[in-house]
Amino acid sequence: MYNFDYLLSILERLDRGVKLTVQSMEKEFGVKKGAVYAYIKTLKDAKFPIYYDKQKESYVFEDGFSFRKPNISQEEWLTLALAKNMMGHFGSGIEKSIRKIEGKLAGGEATLPDHIILSSDKGNKENDDHLASIHHAITHYERLELLYRNLYNNETKKRRVDPYYLYYHKEFWYLRGFCHLAEDMRTFGLDMILSLKQMNEHFTPQIIDPEEELSGAFGIIVDRELVDVVVRFDEACKTYVMRKKWHKSQQEKDIEDGGIELSFTVKGTEEIKRWLYRWIPHVEVISPVSLREEIQDELKRSLDKYK
Numbered sequence: 148m149y150n151f152d153y154l155l156s157i158l159e160r161l162d163r164g165v166k167l168t169v170q171s172m173e174k175e176f177g178v179k180k181g182a183v184y185a186y187i188k189t190l191k192d193a194k195f196p197i198y199y200d201k202q203k204e205s206y207v208f209e210d211g212f213s214f215r216k217p218n219i220s221q222e223e224w225l226t227l228a229l230a231k232n233m234m235g236h237f238g239s240g241i242e243k244s245i246r247k248i249e250g251k252l253a254g255g256e257a258t259l260p261d262h263i264i265l266s267s268d269k270g271n272k273e274n275d276d277h278l279a280s281i282h283h284a285i286t287h288y289e290r291l292e293l294l295y296r297n298l299y300n301n302e303t304k305k306r307r308v309d310p311y312y313l314y315y316h317k318e319f320w321y322l323r324g325f326c327h328l329a330e331d332m333r334t335f336g337l338d339m340i341l342s343l344k345q346m347n348e349h350f351t352p353q354i355i356d357p358e359e360e361l362s363g364a365f366g367i368i369v370d371r372e373l374v375d376v377v378v379r380f381d382e383a384c385k386t387y388v389m390r391k392k393w394h395k396s397q398q399e400k401d402i403e404d405g406g407i408e409l410s411f412t413v414k415g416t417e418e419i420k421r422w423l424y425r426w427i428p429h430v431e432v433i434s435p436v437s438l439r440e441e442i443q444d445e446l447k448r449s450l451d452k453y454k
């Protein structure tokens with residue numbers, strides 16, 4: 148064997164946990180003690196974490212170092228499988244990254260057992276096309292040009308946008324940024340971006356706290372004033388409503404007829420109104436009066452269609 152072969156052999160044995168002493172290497176390699184020490188020094192100089200463990204009476208790697216793919220527990224494999232399944236909603240790029248992690252672990256592909264079923268719905272393909280580009284622009288403070296179709300009026304316009312952050316809500320990705328056309332902060336659905344390009348222009352970011360901006364939103368709308376909303380649910384749907392907390396500001400109060408009263412402080416009423424419609428006829432808006440009257444009017448117009 149050449150000297151390089153000896154070095155590889157030492158590393159391979161250390162990685163397998165084979166007992167390795169100066170005497171065993173002298174015998175195995177047919178070299179003198181000085182040569183063995185020289186090999187060990189060469190490996191240490193190359194930054195391999197080797198030391199002599201007196202208790203084991205052997206050269207060993209420091210704890211945690213190995214060339215082998217690490218083994219993880221059954222619970223950890225399940226966690227990885229759940230993450231892979233759920234992160235699939237965030238685009239194929241993230242799913243590919245998880246597969247790379249799998250490739251670095253012993254045990255193969257992380258799959259869910261048959262007794263755990265999760266929704267197979269995937270996020271929109273448009274997310275995959277734009278996520279990486281927007282992430283790059285955010286981290287480098289680069290201005291973007293979007294060809295954007297407005298969800299509410301279907302108008303398509305070019306917009307120059309300073310991107311600040313991305314957030315995910317109900318299977319859709321959104322970009323929050325300063326729109327130079329509107330001269331204000333705006334929210335853009337990634338699925339409504341028809342084309343996107345980096346403008347090779349940099350911007351000086353404002354101080355914006357994403358968590359603070361989103362804290363009062365009941366969904367994606369963050370450009371409204373805070374409103375106090377009080378609603379009552381009857382006993383028939385109380386159990387269903389109370390299965391989860393719908394908003395961080397939510398307060399509950401039992402009422403005499405067996406129902407429940409919920410109070411919220413939210414940004415605008417558009418999205419909480421849509422949420423309330425799912426509970427009709429088991430819900431009543433107490434305040435604000437403007438929201439109560441708006442729902443009354445919309446319900447009357449809806450009923451007219453069934454006459």
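Plus 147 on top of the position in the sequence shown (first one is 1) and you've got my numbering. Yeah, the Cβ is synthetic: ideal placement off N, Cα and C, and Gly gets one too.
>> Whole angstroms are fine: how far does the CA of residue 395 sit from the CA of residue 427?
In response: Taking C-alpha positions only, residue 427 is separated from residue 395 by approximately 23 Å.
> How would you label residue 153, buried or exposed, when you count the other beta carbons within 10 angstroms and need 16 or more for buried?
Replying inline: By the neighbour-count definition (other C-beta atoms within 10 Å, threshold 16), residue 153 is a buried residue.
> What does residue 398 pair with, by DSSP beta-bridge criteria?
Replying inline: Residue 398 is bridged to 410.
>> Tell me the rounded alpha-carbon separation between residue 252 and residue 434.
In response: Roughly 55 Å separates the two Cα atoms.
> How would you call residue 248, buried or exposed, if buried means at least 16 neighbouring beta carbons within 10 angstroms?
Replying inline: A residue is called buried once 16 or more other Cβ atoms fall within 10 Å of its Cβ, and residue 248, having fewer, is exposed.
> Straight-line CA distance for residue 311 to residue 282?
Replying inline: Just so you know, the alpha carbons of residue 311 and residue 282 end up roughly 9 Å apart.
> On the three-state DSSP scale, how would you describe residue 172?
Replying inline: Helix at residue 172.
> In terms of alpha-carbon separation, which member of 308, 316, 425, 436 lies closest to residue 367?
Replying inline: The shortest Cα separation from residue 367 among 308, 316, 425, 436 belongs to 316.
> Quick one: what's residue 199 bridged to in DSSP?
Replying inline: Answer by DSSP bridge pairing, in chain order: 206.
>> Residues in the same chain with beta-carbon distance under 7 Å from residue 371, minus the five sequence neighbours each way, listed in chain order, please.
In response: Once the five neighbours on either side are set aside, the close Cβ partners of residue 371 are 414, 415.
> Among 325, 295, 231, which one has its Cα closest to the Cα of residue 342?
Replying inline: The shortest C-alpha to C-alpha distance from residue 342 to any of 325, 295, 231 is the one to 295.
> Measuring CB to CB, does residue 380 end up less than 9 Å from residue 407?
Replying inline: Cβ atoms of residue 380 and residue 407: closer than 9 Å.
>> Across the stretch 211 to 231 and the stretch 170 to 184, are there enough close Cβ pairs to call them in contact, namely three or more that are closer than 8 Å?
In response: Under the Cβ criterion (8 Å, minimum of three pairs), the stretch 211 to 231 does not count as touching the stretch 170 to 184.
>> Pull the bridge partners of residue 334 from the DSSP assignment, please.
In response: BP columns for residue 334 point to 323.
> What did DSSP end up calling residue 303 once you bin it into helix, strand or coil?
Replying inline: Strand, per DSSP.
>> Using only the alpha-carbon positions, how far apart do residue 211 and residue 166 sit?
In response: Rounded to the nearest angstrom, the two C-alpha atoms are 17 Å apart.
> Out of curiosity, what's the CA-to-CA distance linking residue 397 and residue 442?
Replying inline: Each residue's alpha carbon lies about 21 Å from the other.
>> Just to confirm before moving on: does the CB-CB distance between residue 419 and residue 376 stay below 9 Å?
In response: Cβ atoms of residue 419 and residue 376: closer than 9 Å.
> In angstroms, rounded to a whole number, what distance separates the CA positions of residue 429 and residue 278?
Replying inline: In a straight line, the C-alpha of residue 429 is about 40 Å away from that of residue 278.
>> Let me check understanding here. Comparing Cα to Cα, which of 189, 256, 209, 203 lies closest to residue 197?
In response: Minimum Cα distance to residue 197 is reached at 209.
>> If you reduce the DSSP assignment to three classes, tell me which class residue 451 lands in.
In response: In the three-state scheme derived from DSSP, where H, G and I count as helix and E and B as strand, residue 451 is classed as helix.
>> Can you check whether the C-beta of residue 434 is within less than 9 Å of a C-beta belonging to chain B?
In response: No chain B is present in this structure, which holds just one protein chain.
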